[in-house]
Amino acid sequence: MKNLQIAVVEDESLVAKDIVNMVRGLGYSVPAVVSTGEDAILIAEKTRPDIILMDIVLKGRIDGIEAAHRIWETLSIPVVYLTAFADEATLQRAKVTEPFGYILKPFDERELQTTIEMAFYKAQMEKKLREREQWLTTILRSIGDGVIVTDADGRVTFMNGVAERLTGWSQAEVLQRSLDGFIQIPIAPDPASDAPETAAGEGVLTMRDGISIPIEQSVSPIFGEKKDVFGSVYIFRDIRSRKKAEDELRQSYLRHQKALAGTIQAIGLTIEMRDPYTAGHQRRVSKLSCAIAEEMGLDPARIEGVRMAGDIHDIGKIYVPAEILSKPGRLSDIEMSIIRPHPQVGYDILKNIEFPWPISQIIYQHHERLDGSGYPNRLKAEAILLEARIISVADVVEAMSSHRPYRPAPGIEKALEEIQRGRGVQYDREVVDHCLRLFLEKKFVFE
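Residue numbering for the sequence shown follows the working numbering, starting at 3 and increasing by one per position.
Written as structure tokens, this is what we have:
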């Protein structure tokens, strides 16, 4: 620290001379010596010393305390007060200017050196702190999100330009005001909370003019060295454009779903036109399958997949000759061998179509049975998709409750007896239970 520039402000010339000699004797330079507060301000601007030794009582209109205050405010040069007056009133007034040290006259070289070095060290630390604060402030002002910082009491200490624009308030208007006193935000900072987690989510921001906009937001506590919360950082961004894009995507998806459903319906009608004796079979299977899926608590999106698969679960029969489909008598073994591959054919038709659900696999498996007695792959238990297990039960119930040209309808009672007999063996236990409840307790009907 031997290269420090120390300016001296002292109105007693002999005292000033002694101080200068002492400062130089310690190895420091003295760029200027003045006797008034006005001159102190001028030499501070001109020479920019590292530290100023300032007598409190000076001649002229400005005393040492006022001069020190102006110098620090405009130039950030640290001041050490020199005074022979140690009364409480003087010291209290001097404290307001936040000096970097006091030294009472008379003093020796050791006292002076210690005070100068401590003042310079403190000044350097404050300079680094100011630079870091400026660095952080610049970052916060330049990022694209709105940022509001509050103190431990929830009062605003910082607000960047994006936050000003989104809220409609300027930092100058809200500084030291309670955040919830001027803006409605979905997640309010909780200074009392010591939870380290950041709260985040989407919400609605009400602006100064009363307009509400959707935002994505987060709020984080600011912790001190002892893990005490001394503030919060609230970050938010306008997501109107994203919400608009999401809505457009949703509308596009709905249009796609509507077109897809229409296509599936058309396919189902085409199959029924080739087999008038089973007209409506796929629709009825689909209806019962969806009811079972709802009873089981499947989510709406998954139920929609069940509905769509049920509507065309026999699509593979499109390759079967119409005369076999509409034959009024029992089918021969050869004719049955032609019909039995229809799950495979259905799978082959649909496997390259990108449905939101595994439609082709459901159709492929709807004749499989839990015990491996089904076809075409003799799958067992959990290897069979739940949707396929649902449709297989609905398919049996609908088929047995409907008339066929080669037999009268056994009826719904016989159909329920059949699935109850195969419960846990051929048919999924839970699916059967819900199907029975639909018919016996909730009086489900196909039409």
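Using N, Cα and C, we set each Cβ at its ideal position, and we do this for glycine too.
Predicted, not measured: the structure shown is a model, and the values here were computed from it.
If you ignore the 5 residues before and after Ile414, its C-beta comes within less than 7 Å of the C-beta of Ser403 and Phe441, all in its own chain and listed in chain order. In this structure the stretch 387 to 406 touches the stretch 311 to 330; the number of beta carbon pairs closer than 8 Å is three or more. Exposure of Glu111 is indicated by the presence of fewer than 16 other C-beta atoms within 10 angstroms of its C-beta. The beta carbon of Val25 is closer than 6 Å to those of Ile8 and Val32 in its chain, skipping five residues each way along the sequence. Rounded to the nearest whole angstrom, the CA to CA distance from Glu166 to Ala154 is 21 Å. The residue from Glu14, Gly146, Tyr123 and Phe238 with its alpha-carbon nearest to that of Phe102 is Tyr123. For Asp335, the enclosing alpha helix (DSSP H) begins and ends at Asp335 to Ile341. The stretch 215 to 276 contains, as complete alpha helix (DSSP H) runs of 4+ residues, the segments 242 to 276 (chain order).
In terms of Cα proximity to Leu300, the closest of Leu84, Thr116, Leu77 and Val433 is Val433. With distances taken between CA atoms, Phe238 lies nearest to Gly205 out of Arg63, Lys260 and Gly205. Its chain contains Ile317, Gly318 and Ile365 as the residues whose beta carbon lies nearer than 6 Å to that of Gly348, once the 5 sequence neighbours on both sides are disregarded; these appear in chain order. The alpha helix (DSSP H) runs lying completely inside the stretch 159 to 188 and spanning 4 residues or more are 163 to 169 and 173 to 176, given in chain order.
Look at Gln428 here: in three-state DSSP terms it is coil, with no helix or strand label.
Contact check for Gly156 against Leu181 passes: the beta carbons are separated by less than 8 Å. With a beta-carbon spacing of about 14 Å, Leu93 and Asp57 fall beyond the 8 Å limit used to define contacts.
When the Cα atoms are used, Ile340 and Ala401 turn out to be separated by approximately 19 Å. Within the stretch 346 to 382, no complete beta strand (DSSP E) segment of 3 residues or longer occurs. Taking C-beta atoms as the reference points, His436 and Met338 fail to come closer than 8 Å.
The alpha-carbon separation between Lys19 and Leu142 amounts to approximately 49 Å.
DSSP places Val10 in the strand class (E or B) of the three-state scheme. Taking every protein chain shown into account, the CB of Asp230 has fewer than 16 other CB atoms within 10 angstroms, so this residue is exposed. Here Ser328 carries a coil assignment [DSSP, helix/strand/coil]. Just so you know, the alpha carbons of Gln428 and Tyr236 end up roughly 58 Å apart.
As summarised for the stretch 80 to 157, the continuous alpha helix (DSSP H) elements at least 4 residues long and confined to that stretch are 90 to 98 and 111 to 144, given in chain order.
In the three-state DSSP reduction, Met402 falls in the helix class (H, G or I). The DSSP-derived three-state label of Met310 is helix.
Annotated three-state conformation of Lys289 is helix, per DSSP. Counting C-beta atoms within 10 angstroms of its own C-beta, Ser375 has fewer than 16 neighbours from the protein chains shown and is therefore classed as exposed. If you check the CB distance, Ile320 and Ile361 do not come in under 8 Å.
The continuous beta strand (DSSP E) containing Gly203 extends over residues Ala201 to Thr208. Across the structure, Pro108 and Thr140 are spaced so that their CA atoms are roughly 46 Å apart.
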